[in-house]
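The structure appears below as structure tokens.
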Amino acid sequence: MNARSRQARQTLRNRTRSQRAAARIARRGTGTLATHAMAAGLTSSQARTVASSLRRNATKVGVQGVTGIAYRKGQARTCTRYSRAEVAAIAAIYRPRRAEYKICAARLALAA
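Numbered continuously in the working numbering, the sequence shown closes out at residue 429.
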């Protein structure tokens with residue numbers, strides 16, 4: 318596989334991930350912080366990093382979210398889902414350092 322094909326596949330994979338996350342949020346009305354970050358264009362590992370920072374800021378703002386259950390490989394675990402307006406409120410006080418995270422924070426703030 319040449320470099321051009323590899324780049325095209327990566328672009329398609331990233332776009333698919335973002336679209337699926339955005340569709341999930343649109344369908345349910347809520348999503349986890351990592352799902353919102355993936356819908357904003359981050360990879361799953363970057364989204365987990367941003368989500369942990371946003372979780373800390375959620376307590377500062379006083380946003381509670383809705384408790385739910387997420388399933389992964391048959392295992393059930395509790396999660397907290399947030400609406401777009403709640404994520405926008407959290408992202409308003411989020412001050413990232415990395416350029417990718419700054420772009421994500423701006424998209425999250427505008428999503429409401």
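Glycine residues also receive a C-beta, built at the ideal position from the N, C-alpha and C atoms.
Residue range of the beta strand (DSSP E) that residue i falls in?
| i | result |
| --- | --- |
| ARG398 | 392-398 |
Compare the C-alpha of residue i against each of the options and name the closest.
| i | options | result |
| --- | --- | --- |
| TYR418 | ALA340, LEU371, ALA320 | LEU371 |
| ILE410 | ARG373, ARG344, GLN392, ILE342 | ARG373 |
| LEU427 | ALA339, ALA408, ARG332 | ALA408 |
| GLY382 | SER369, CYS396, GLY358, ALA343 | CYS396 |
| ARG415 | LEU359, ALA340, ARG332 | LEU359 |
| SER361 | ALA375, SER322, THR333, MET318 | THR333 |
| VAL367 | VAL404, ARG341, ARG344 | VAL404 |
Give the range of the alpha helix (DSSP H) segment to which residue i is assigned.
| i | result |
| --- | --- |
| ARG345 | 320-345 |
| TYR388 | Taken as a continuous stretch (DSSP letters only), TYR388 belongs to no alpha helix (DSSP H), being part of the beta strand (DSSP E) at 383-389. |
Closer than 6 Å by C-beta to residue i: which residues in its own chain qualify, once you throw out the five before and the five after it? Chain order, please.
| i | result |
| --- | --- |
| PRO413 | LYS419, ALA422 |
| ALA338 | THR352, MET355, ALA356 |
| ARG424 | ALA357 |
| ARG394 | ALA387 |
Between residue i and residue j, which are expected to be in contact by the criterion C-beta below 8 Å, what is the C-beta distance as a whole number of angstroms?
| i | j | result |
| --- | --- | --- |
| ALA356 | SER335 | 6 Å |
Identify, in the order they occur along the chain, each residue of the same chain with its Cβ nearer than 7 Å to the Cβ of residue i, setting aside the five sequence neighbours on each side.
| i | result |
| --- | --- |
| ALA406 | VAL378, VAL380 |
Exercise for the section: Pair every Cβ in the region 319-335 with every Cβ in the region 373-387, then say whether three or more of these pairs are closer than 8 Å. Expected result: no
Problem - Stretch pair the region 342-358 + the region 390-404: three plus CB contacts closer than 8 Å - result: yes
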